[in-house]
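Participant:
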Amino acid sequence: MAASTEKVSRYTPQEWRNLRLGLLFVSPWALGFLLFTIYPLLSSLYYSLTRYDLLRPPVFLGAKNYLTLFFDDPHFWNVMYNTLFYVGLSVPFGVGAAFLIANMLNSRIVARSFFRSVIYVPSIVPAVASAMVWQFLMNVQYGAINGVLRYFGLPIIPFLSNPGWAKPSLILVAIWAQGAAVVIFLAALQDVPRSLYEAATVDGANLWHRFRNVTIPLTSPIILFNLIMGLIVAFQEFTVPWLLTEGGPMNSTEFYLIHLYRNAFEYLRMGKASALAWILFLIIVVFSLIIFKSSARWVYYGGEK
Amino acid sequence: MTRQSISRRDFLRTSGLVAGGAALAACAAPSPAPAASEGDDSMAAEPQTISWWYAWGNLDPAVETFSQLDSFKAHVGENTTLDYRGSTNNEAVLTALAAGDPPDGGSNMDYPGLWARGVCLPVNDMVDSSEIIDPDNVVDAVWQGGFYGADLIGVPSVESFLWYGLNYNAQHVEEAGLDPDNPPLTWEGVLEWHKELSKFDDGGNVLRIGLDPIDAMAGEPDFIATSYGHTWWNDEEQTFDLNHELMAQGIQMQSEFFRFIGPDNFAGLRSVEGQGTWGAAFNAEVQSMIIEGYWHAGETTIQKPEVAVHNRATWAPVPAFREGAKIMATGPHMVQIYRDGKNPDGMFKVAEYLHTNEPLDIIFHEVGWIMGIETWLTTLDPDTFPGLRFYVDNIGEVTDWIVGRRSPIHWFVNTQLWDLREQVYRDLITPEEAVAELQKRAEDEWEAQGL
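Just so you know, the sequences run in chain order G and D.
Remember, my numbering sits 34 above the position in the first sequence when you count from 1.
Remember, my numbering sits 1085 above the position in the second sequence when you count from 1.
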């Protein structure tokens, strides 16, 4: 008790005033954070342990929603497979494509500013609009790509209407929409000191050596950043698959968030949807941790020993 | 001389307190309006709002028209505004209901699902005291479809008539060398027409399909069951009978239509013609037949008059072993009044008004819809829209009636049926396996929903 009084008394009246004012000024954010982030977060954790259809009071079920998902949901493991397939290919290929494009746009090419602008366009076009464009490019009947194939007498490709083709087609769309990552990579590339390239050139390094031993290590923190962000976005992909395929054909593009949405709003299973959301949260945390852990081996931070 | 200045700290403190006070004041509940004394004339003139949300996208012009009529204003009150919102999706309504701030009423929602969850008011007493709504003047199956047990779960309104017919484009039929005056009445016959009417290019790509067997009403479990002479949902016992040979036969027959076109071709065509939304492919003339109700005639005429002139209708198909059966479904669309709405009486007044001739005429001519109110039906010209006469003239010929969409998990079963049927027509499972799985999923869902 005495120690506690002693601890409190370390604040001078001026410091107390500062503290009160500080708390007062951060209170709008703090209240917003508590009300609109923490409260819904904890609520969804509670609802994940209940049967809740929005319209009737929740009924406590314990872990039943989680057990049902793992052992009794006819779609859950298919949805997991679809999502991991999509994330596993779209994220590395997307980041890789963005990195290569950024490198090209960082070199002295004709109309560089024009290409830099063009490559960012997919990031500012609304997802609905770009989905419609892809719909008319990829449609098996009327699609522009198949129109060209047909013109040359080649077999057409059922991009979005065949279960085997649908996921790769959506991955292609995801790789196309890497404008934001390209811009971030470009900024990172421009931070790489010219002197390092010059030194490497003097040492006899060719283009590949400079790329491998200078560019990649010095931009590796940004590669890590884009990888993590790409992972989070890809696990939560919804709009484009929903608009292009609605989860079909044959549930082949029923990704995690589509399944969550169906449970929440088509079947009114808010409890189960909340459980799905928490499982997704844990999956993303685990994947992020794995990448962070592995980053010690491949990410170079300047000044580190 | 005293210094008239404040420190930066005092300023910040004062402004912080003022801002905080203002925020609290803004959050405080508004003071209630002064209560009018009984008999106060100003009460009658007090502005009111009736909020009505519905999922239809094409009703808005008609509501806009009738809500401006003197007769409407006289009925609901001169100072009453109808705040209607069309194309309102399920999520919006659910969110409003869950938040305790719903509209006063809703239409074209999941009526039994919402009723089963206790968010709607029974309207028996309101209807009993109404001088406008006459249950005896409403087509009986439509009116009875509004009841769950003894409770009337909404006021049957807006559009409620006949749901099943095979509507076809007579021009396509003639071009294919078929006789438009002798349409098929069995699934087997419709499949033959499907093959004749479907068109492919030299590369085998489909240009037109005869019938999308799951477009509009045909995709729902009620339709397969009724067509094959089965009942999958027992309304009294609240049980399912989906794992049945007749359901399997129906799925198998529908699958034949997909196999002829090719599942990938079908999926591609549906995705561009409105994702298989009702009637879009028929209107675009890439589909020659469609199984849906009387509204097809009016909607097609209003949306695509050049296609509608070729429209004709006949009985929806049944399997050959049931040849001669004439199936038909009906059921009410309703104005459901939400328990937490602010103006249930106002909402009921709108429902009452919808039973009068003026709005019925407007909805008929502007949207193409019919409400089964018998005295009004006699005023209706069945030749207004090509194909409509079939429905108006043949009510008495129906042999098998069903009141549709009665199960509180109808839409869940419907979604699962689509999922499993696709597995059948892609030859991954048998129809028998599909119906067994459908039964299991329905029972699991019933239990999981605590219904």
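Note that CB positions come from ideal geometry on N, CA and C, so glycine has one too.
I'd like to know whether the C-beta of D/Gly1288 is nearer than 7 Å to at least one C-beta of chain G.
Facilitator: Answer yes: the Cβ-Cβ gap between D/Gly1288 and chain G drops below 7 Å somewhere.
Participant: Quick one: which chain G residues come within Cβ less than 8 Å of D/Ser1356?
Facilitator: Under the 8 Å cutoff, chain G gives Gln169, Asn173, Leu194, Ser195, Leu278, Thr279.
Participant: Check the Cβ of G/Arg90 against every Cβ in chain D and list those closer than 7 Å, keeping chain order.
Facilitator: Here the neighbours are Arg1202, Gly1203.
Participant: Please tell me whether D/Leu1182 has its Cβ less than 7 Å away from any Cβ of chain G.
Facilitator: Taking Cβ atoms only, chain G reaches closer than 7 Å to D/Leu1182, which makes this a yes.
Participant: For a quick check, are the C-beta atoms of D/Trp1486 and D/Met1413 less than 7 Å apart?
Facilitator: In contact: D/Trp1486 and D/Met1413 (Cβ atoms closer than 7 Å).
Participant: Round the Cβ separation of D/Val1509 and D/Ala1519 to the nearest angstrom and send it over; I've been treating them as touching at under 8 Å.
Facilitator: D/Val1509 to D/Ala1519, Cβ: 5 Å. Contact.
Participant: How would you list, in chain order, the residues of chain G whose beta-carbon sits under 8 Å from the beta-carbon of D/Asp1504?
Facilitator: Under the 8 Å cutoff, chain G gives Asn285.
Participant: Compute the Euclidean distance between the alpha carbons of G/Phe104 and G/Phe110, then round it to the nearest angstrom.
Facilitator: Near 7 Å, if we compare the C-alpha coordinates of G/Phe110 and G/Phe104.
Participant: Straight-line CA distance for D/Asp1264 to D/Ile1135?
Facilitator: Going from the Cα of D/Asp1264 to the Cα of D/Ile1135 covers about 52 Å.
Participant: Taking its Cβ as the centre, do 16 or more other Cβ atoms sit within 10 Å of D/Glu1532, making it buried, or is it exposed?
Facilitator: With fewer than 16 Cβ atoms within 10 Å of its Cβ, D/Glu1532 is classed as exposed.
Participant: Where does the unbroken beta strand (DSSP E) through D/Tyr1139 begin, and where does it stop?
Facilitator: 1133 to 1139 is the extent of the beta strand (DSSP E) around D/Tyr1139.
Participant: Under 7 Å Cβ to Cβ from G/Lys201, same chain only, skipping five residues before and after it: list those, please.
Facilitator: Cβ within range, chain order: Asn116, Phe119, Tyr120, Ser286, Thr287.
Participant: Taking a cut of 7 Å between CB atoms, which residues from the stretch 174 to 186 of chain G lie near chain D?
Facilitator: If the cut-off is 7 Å between Cβ atoms, the stretch 174 to 186 of chain G has Val174, Gln175, Tyr176, Arg184 near chain D.
Participant: Using a Cβ-Cβ cut-off of less than 7 Å, give me the residues of the stretch 126 to 149 of chain G that come near chain D, in sequence order.
Facilitator: So nothing in the stretch comes that close.
Participant: Kindly indicate if chain D contains any beta-carbon less than 7 Å away from that of G/Phe289.
Facilitator: No, G/Phe289 lies away from the interface with chain D (no Cβ there is under 7 Å from its Cβ).
Participant: Under 7 Å Cβ-Cβ, which residues of chain G neighbour D/Val1291?
Facilitator: Correct list: Gln175.
Participant: Measuring alpha carbon to alpha carbon, tell me which of D/Gly1203, D/Pro1197, D/Val1224 ends up nearest D/Glu1459.
Facilitator: The shortest Cα separation from D/Glu1459 among D/Gly1203, D/Pro1197, D/Val1224 belongs to D/Val1224.
Participant: Which residues of chain G have a Cβ atom closer than 8 Å to the Cβ of D/Asp1297, listed in chain order?
Facilitator: By Cβ distance, chain G contributes nothing, its closest Cβ being about 14 Å from D/Asp1297, past 8 Å.
Participant: Nearest chain D C-beta to G/Tyr231 closer than 7 Å, yes or no?
Facilitator: No, its Cβ sits nowhere closer than 7 Å to a Cβ of chain D.
Participant: Return helix, strand or coil for D/Asn1319, following the three-state DSSP convention.
Facilitator: Correct three-state label for D/Asn1319: strand.
Participant: Which class does D/Asn1396 belong to by DSSP, given the choice of helix, strand or coil?
Facilitator: D/Asn1396: strand per DSSP, three-state reduction.
Participant: Which residues in chain D sit within 7 Å of G/Val274, going by Cβ to Cβ distance?
Facilitator: Within chain D, no residue comes near G/Val274; the closest Cβ sits about 13 Å away, beyond 7 Å.
Participant: Suppose contacts are defined by Cβ-Cβ distances below 7 Å. Is D/Leu1445 in contact with D/Met1456 by that definition?
Facilitator: Taking 7 Å as the Cβ cut-off, D/Leu1445 and D/Met1456 qualify as a contacting pair.
Participant: Suppose contacts are defined by Cβ-Cβ distances below 7 Å. Is G/Ser297 in contact with G/Ala307 by that definition?
Facilitator: The question names Ser, but residue 297 of chain G in the sequence shown is Asn. Taking 7 Å as the Cβ cut-off, G/Asn297 and G/Ala307 qualify as a contacting pair.
Participant: Run through chain G and tell me which residues come within less than 9 Å of D/Glu1507, C-beta to C-beta.
Facilitator: Result: Gly282, Pro283, Met284, Asn285.
Participant: Is G/Phe119 close to chain D? Criterion is C-beta to C-beta, closer than 7 Å.
Facilitator: For G/Phe119, the answer is no, since every Cβ of chain D falls outside 7 Å of its Cβ.
Participant: Quick check: what's the CA-CA separation for D/Gln1256 versus D/Val1291?
Facilitator: Roughly 19 Å between the two C-alpha positions.
Participant: I need the boundaries of the beta strand (DSSP E) containing D/Tyr1379, first residue and last residue.
Facilitator: Run containing D/Tyr1379: none; DSSP gives neither H nor E here.
Participant: Between the stretch 238 to 254 of chain G and the stretch 170 to 185 of chain G, do three or more beta carbon pairs fall short of 8 Å?
Facilitator: Judged by Cβ distances under 8 Å, the stretch 238 to 254 of chain G makes no contact with the stretch 170 to 185 of chain G, as fewer than three pairs qualify.
Participant: Would the beta-carbon of D/Pro1241 fall within 7 Å of that of D/Gly1426?
Facilitator: It is not a contact, given that the beta carbons lie outside the stated cut-off.
Participant: In terms of residues, what are the limits of the beta strand (DSSP E) holding D/Asp1485?
Facilitator: Looking at the DSSP string, the run of the beta strand (DSSP E) that includes D/Asp1485 is 1485 to 1488.
Participant: Under a Cβ-count criterion, where at least 16 other Cβ atoms within 10 Å of its own Cβ denotes burial, should D/Asn1442 be classed as buried or exposed?
Facilitator: Classification for D/Asn1442: exposed.
Participant: Would you tell me roughly how many angstroms separate the C-alpha atoms of D/Pro1119 and D/Ala1140, rounded to the nearest one?
Facilitator: Caution is warranted here: a pLDDT of 38 is assigned to D/Pro1119, below 50, making its placement in the model unreliable, and the coordinate value is therefore given only provisionally. Answer to the nearest angstrom: the Cα atoms are 37 Å apart.
Participant: For G/Ile209 and G/Phe289, which I take to be in contact (beta-carbon distance under 8 Å), what is that distance rounded to the nearest angstrom?
Facilitator: Not quite, the Cβ-Cβ distance comes to about 16 Å (not below 8 Å), so this is no contact.
Participant: For G/Leu88, which option in D/Gly1162, D/Gly1191, D/Leu1199, D/Phe1151 has the closest C-alpha, if you only look at C-alpha atoms?
Facilitator: Cα-wise, what sits closest to G/Leu88 is D/Leu1199.
Participant: From D/Ala1261 to D/Leu1282, what does the alpha carbon distance come to, in whole angstroms?
Facilitator: The alpha-carbon atoms of D/Ala1261 and D/Leu1282 are separated by roughly 6 Å.
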